[in-house]
């Protein structure tokens, strides 16, 4: 369940704890040969809401009024709060190269299956200690190829996953500035794989400027098809 907290979000002090840079996370996987990924069940619900603040999360349904005891979805601060929580739990293991965390996704790189099993045991012990629930149906164990954060990782090589590239190929011709921004956001995610991305995307980027008329011409179409 996700509550509409837009008005509350306007009043919240922004949590400045940064999410890891996806590029940095992926770079740490390049020397590994075997990978395991873990998915934390109901991620945000692992973190308690301060008792004095629970009243601000209250919501009304036909059965009455309720408030969250755990960090809910929909709050602008939830991702940062949760990342801080997970990072603090696995800080020592991350420094040792045993596990990498990105919100509710954990990846365990290893040079071989033996090392992978040893690292998994360590991570599971820490998860048990802190009461972290793992959704095993979404986990991958001791794989040579994994999908992680929208990328395929295999034997030290990294490339965009098929679903993402298909989404780019099937993107309709934009007719509004918002659609152009969506397309640029989608392709920008993989800009390091696209030679001369900035040059190719410039005609499309120019369309997002309010002072420019929205005319989708030959240059823009070339950028879309490239």
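Residue numbers (the UniProt record's numbering): 1 to 226.
Cβ atoms here follow ideal geometry from the backbone N, Cα and C, with glycine treated the same way.
If we ignore side chains and look at the alpha-carbon of each, how far apart do residue 102 and residue 177 end up?
Your numbering for residue 102 matches position 102 in the chain shown. Your numbering for residue 177 matches position 177 in the chain shown. Distance between the alpha carbons of residue 102 and residue 177: 31 Å.
Helix, strand or coil at residue 187 according to DSSP, with G and I counted as helix:
For the purposes of this step, residue 187 is identified with residue 187 of the chain shown, where counting begins at 1. Helix at residue 187.
Which value, in whole angstroms, describes the spacing of the CA atoms of residue 31 and residue 155?
Reading the chain shown from its first residue, position 31 is the one you call residue 31. Reading the chain shown from its first residue, position 155 is the one you call residue 155. One C-alpha to the other measures close to 8 Å.
Decide yes or no for the touch test of the segment 138-147 against the segment 53-61: beta carbon pairs closer than 8 Å, at least 3 of them.
no
Start and end of the alpha helix (DSSP H) containing residue 162?
For the purposes of this step, residue 162 is identified with residue 162 of the chain shown, where counting begins at 1. Segment 162-169, the alpha helix (DSSP H) holding residue 162.
What does DSSP give as the partner residue(s) for residue 150 in the beta ladder?
For the purposes of this step, residue 150 is taken as residue 150 along the chain shown, with counting starting at 1. Answer is none; residue 150 lacks a bridge partner.
Please state whether DSSP places residue 108 in a helix, a strand or coil.
Mapped onto the chain shown, residue 108 falls at position 108. In the structure shown, residue 108 sits in a strand (DSSP, three-state: E or B).
Buried versus exposed call for residue 44 [16 or more other C-beta atoms within 10 Å across all chains shown]:
Position 44 of the chain shown, counted from the start, is the residue given in the question as residue 44. Under this definition residue 44 is a buried residue.
When 18, 141 and 1 are compared against residue 112, the one with the closest alpha-carbon:
Counted from its first residue, the chain shown places residue 112 at position 112. Among 18, 141 and 1, the Cα nearest to that of residue 112 belongs to 141.
Report the residue from 207, 192 and 166 whose alpha carbon sits nearest the alpha carbon of residue 180.
Position 180 of the chain shown, counted from the start, is the residue given in the question as residue 180. Comparing Cα-Cα distances from residue 180 to each of 207, 192 and 166, the minimum goes to 207.
Can residue 71 and residue 49 be called in contact, C-beta distance under 8 Å?
Residue 71 sits at position 71 when you count from the first residue of the chain shown. Residue 49 sits at position 49 when you count from the first residue of the chain shown. Yes.
8 Å CB neighbourhood of residue 92 in its chain, flanking five on each side removed:
As a first step, residue 92 must be located in the chain shown, where it is residue number 92. Closer than 8 Å at Cβ, skipping near neighbours: no residue.
For residue 65, count neighbouring C-beta atoms within 10 Å of its own C-beta (all shown protein chains included) and say buried if the count is 16 or more, exposed if not.
Locating residue 65 in the chain shown gives position 65, counting from the first residue. Residue 65 is exposed by the Cβ-count criterion.
Taking the C-alpha atoms as reference points, what is the distance between residue 83 and residue 18?
One-based indexing of the chain shown puts residue 83 at position 83. One-based indexing of the chain shown puts residue 18 at position 18. Distance between the alpha carbons of residue 83 and residue 18 is about 8 Å.
Report the partner residues of residue 131 according to the DSSP bridge assignment.
For the purposes of this step, residue 131 is taken as the residue at position 131 of the chain shown. DSSP output for residue 131 lists no bridge partner at all.
Looking at C-beta atoms only, is the number of pairs between the segment 121-131 and the segment 155-174 that lie closer than 8 Å three or more?
no
Between residue 95 and residue 38, what straight-line distance do the alpha-carbon atoms span, to the nearest angstrom?
Against the chain shown, residue 95 aligns to sequence position 95. Against the chain shown, residue 38 aligns to sequence position 38. Cα to Cα, the separation comes out at about 18 Å.
With a floor of 4 residues, list each alpha helix (DSSP H) that falls wholly inside the UniProt domain "Reverse transcriptase" (1-153), ordered by position along the chain.
6-11, 22-27, 78-89, 91-95 and 113-129
Are residue 119 and residue 108 touching if we call contact CB-CB under 8 Å?
Within the chain shown, residue 119 is the residue found at index 119, counting from 1. Within the chain shown, residue 108 is the residue found at index 108, counting from 1. Result yes, Cβ atoms of residue 119 and residue 108 sit closer than 8 Å.
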